[in-house]
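Heads up: the structure comes next, in C-alpha cells.
In full-length UniProt numbering, the protein residues as written are 1 to 84.
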C-alpha cells in the first residue's frame, strides 16, 4: 500500500523512519525547510511549488516541484495519506 506523507513542519521531518519506498513524501509549508532530511529517502519526494515560491526556495536534488492540482491528484491516487 502506498501512503502520501504530508510533511508540513520542520519537526515532522523526523518521521522518515515510517516512510516506505513505495510511499511519496510531500513537503509543504515549513516542512519545505527540511528537504535535506530526505536526501537519501527511497520514496519519491515532492514539494509544493506555491510553498517553495513563498519561501524563496529551490528544490534540492531529487525533490520534484508540483502544482496544487498535482497535489490533489496525489491524494486521489494514493491508498492513504498522513499529515505530520
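Just so you know, even glycine gets a beta-carbon here, dropped at the ideal spot from N, CA and C.
Around the CB of residue 23, 16 or more other CB atoms lie within 10 Å, so the residue is classed as buried. Rounded to whole angstroms, residue 42 and residue 63 show a C-alpha spacing of 12 angstroms. Rounded to the nearest whole angstrom, the C-alpha separation of residue 71 and residue 17 is 23 angstroms. Beta-bridge partners assigned by DSSP to residue 83: 6. DSSP places residue 44 in the strand class (E or B) of the three-state scheme.
The three-state secondary structure of residue 16, taken from DSSP, is helix.
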